[in-house]
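Residues in the sequence shown are numbered from 486 upward in steps of one, following our numbering.
Glycine included, every Cβ here is placed at the ideal spot set by N, Cα and C.
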Amino acid sequence: LKARDLEPLSAELRLNLGAAYYREEEYDKAVEEFGEMAARLDGTPGIAALELNISCPNVDQGGIEIGQSVEASARATRAAVRHTDLPVIVKLTPNVTDPVALALACEAEGAAAICAINTVLGLAIDTRRRRPVLPRARGGLSGPAIKPIALRIVYDVAKAARIPVIGCGGIRTGQDAIEFLMAGATAVQVGTATFANPRALLDVIEGIGGWLEGEGVASVRDIIGCALPPRD
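Structure, rendered in structure tokens:
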């Protein structure tokens, strides 16, 4: 990635960074690699933030393995934050017992925001071949099926953390986005929906505006976190 490649773009970029390792002795290197990538990208024009993808289930090693460990998640966050002035967002896996513990560990190491969630582990079987469909058997499930899981984690993290939460997972409509905002998200991401509908993001934006107008709400800020209990 070179700065000149970003010049024609009118939008700011938030880059998603991932690391991988293939032998056990490379695990520590993969964690620290987030710091190396952050250092290389620091100061690049057009980049507004870095998102640490410590939660991808579709690589052999170095994605979800890092994100399922509180200690490794904290180390990866610390490494990135120390090497850049850009905001560092950490994308959480839902495939843990306590996502809130991960979020708070990353917050303590200087994360600017939490993104929740990445995909949910799943499996599909090819009945003709009598084998899993995917080469690695397990893979990440995304789309509408994971929306209730994503909402629950956004809600729980937003209750506990002081930094912003970005909600994602199954968002297809403005109504979906409104639910995430009410659950405490300050922004949302739209991914899988764009595979079926390239206009999905625009539809979500228009849907949010239509809901606000219909409900007589002046600003989206007025509904962020409204479903959360009062803070102590």
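- In its chain, beyond the 5 residues on either side, 667 and 668 have a beta carbon closer than 6 angstroms to the beta carbon of residue 712.
- Taking a contact as a CB-CB distance under 8 angstroms, the pair residue 554 and residue 576 does not count as one, their CB atoms being some 15 angstroms apart.
- One Cα belongs to residue 707, the other to residue 700, and the distance between them is close to 12 angstroms.
- Here the C-alpha atom of residue 569 lies approximately 50 angstroms from the C-alpha atom of residue 613.
- Judged by DSSP secondary structure, residue 567 falls within the alpha helix (DSSP H) whose first and last residues are 555-567.
- The criterion of a C-beta distance shorter than 7 angstroms is satisfied by residue 626 and residue 604.
- In this structure, residue 656 places its C-beta atom within 7 angstroms of the C-beta atom of residue 675.
- Secondary structure note for residue 591: its alpha helix (DSSP H) is the uninterrupted segment 584-593.
- Counting only unbroken stretches of 3 or more residues, the beta strand (DSSP E) elements lying wholly within the segment 595-633 are 598-601, 605-608 and 623-626, in sequence order.
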